[in-house]
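Undergrad:
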Amino acid sequence: MTKLYFVRHGKTEWNNQGRYQGANGDSPLLPESYAQIKALAGYLQGIPFMHAYVSPLKRARTTAQALIKDLDESIPLTIMPALREFNLGKMEGMTFTDVGKHFPQELHAFRHEPAAYDPRKIHGESFSQLINRAIPAIVATLAMDRTGEANLLYVSHGAALAAVIQSLLGTPLADIRKDGGLTNSSVTILHADGPTLPFTLLDWNETSFLPEPPKATDTI
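Each step along the sequence shown adds one to the number in my numbering, with nothing skipped, and position 199 is 433.
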């Protein structure tokens, strides 16, 4: 049984400011995020990870590097472009408030009705486009687990991971927000008997190890 550990990157300056931060936007991790990552490493301590895969965006790479350092394991790390966040087009860098004013339909659908989300007005990426680029890449990593018992680590982004994980579980597009979002520095765990979908959920958005309870704005 292969176990997949999905980690959302640590909280960033734009997260703190309530700005959309997709595939074309980035900002540094907050100082507090490193304490959260260290706490996550403590929670995962002792798990022998075969390999780690990370989004190419700096906030995810920084999180992955800090986590591996805190785990004190020699874990091969591969940048996986398919794990990057949604391309949010014109919403990139805008505050949630401003997006609500300028693109209310797109914002509502993105957060609550993914099957109705049409990003053409904002020149963004649809849920189907993101899922179609990410799922094959993740499934391919399982095919490389010859033992069928590896622990694999993935460090990516909140909106992308929520959509991808639910798709790995076989959740229909219309329902992929049914369990809510993912918190900064959280971990979600799945297991798989080989690369055939659907996988099985073991733990969704685990945050019990964080030094302080997450704020509402820490989850997307």
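Where is the CB? At the ideal position from N, CA and C, for every residue including glycine.
Because the structure is a prediction, the values reported are computed rather than measured.
Ignore the nearest five residues each way along the sequence and tell me which others in Lys303's own chain have a CB closer than 6 Å to its CB.
TA: none
Undergrad: What whole-angstrom Cβ distance do Ala397 and Ile365 have, given they're in contact under 8 Å?
TA: 6 Å
Undergrad: Restricting to runs no shorter than 3 residues, where is the beta strand (DSSP E) found entirely within the region 263 to 295?
TA: Listed in chain order, the beta strand (DSSP E) runs fully inside the region 263 to 295 are 283 to 288, counting runs of at least 3 residues.
Undergrad: Put Lys355 into one of helix, strand or coil per three-state DSSP.
TA: coil
Undergrad: Would you kindly report the start and end of the unbroken beta strand (DSSP E) that includes Pro433?
TA: In the sequence as presented, Pro is not what sits at residue 433; that position holds Phe. No beta strand (DSSP E) contains Phe433, which DSSP labels as neither H nor E.
Undergrad: Looking only at its own chain, which residues have a Cβ that is under 6 Å from the Cβ of Met378, when we skip the five neighbours before and after it?
TA: none
Undergrad: So, is Ile281 buried or exposed, given that buried needs 16 or more other C-beta atoms within 10 angstroms?
TA: exposed
Undergrad: Under 8 Å, do Lys237 and Asn418 count as touching if we go by C-beta distance?
TA: no
Undergrad: Quick check: the Cα distance between Gly327 and Thr381, rounded to an integer number of angstroms?
TA: 43 Å
Undergrad: Could you check the C-alpha separation between Gln255 and Ala426 for me, to the nearest Å?
TA: 31 Å
Undergrad: Count the CB pairs spanning the region 259 to 277 and the region 429 to 446 that are closer than 8 Å, and state whether there are at least three.
TA: yes
Undergrad: Looking at C-beta atoms only, is the number of pairs between the region 401 to 411 and the region 256 to 263 that lie closer than 8 Å three or more?
TA: Counting C-beta pairs with one atom in each stretch, the region 401 to 411 and the region 256 to 263 have fewer than three that are closer than 8 Å, which means they do not touch.
Undergrad: For Pro432, count neighbouring C-beta atoms within 10 Å of its own C-beta (all shown protein chains included) and say buried if the count is 16 or more, exposed if not.
TA: exposed
Undergrad: Can you give the Cα-Cα distance for Pro310 and Ala286, rounded to whole angstroms?
TA: Their backbone Cα atoms lie some 6 Å apart in a straight line.
Undergrad: Does Thr296 pass the burial test, meaning 16 or more other C-beta atoms within 10 Å, or should it be called exposed?
TA: buried
Undergrad: Reducing DSSP to helix, strand and coil, say where Lys324 ends up.
TA: helix
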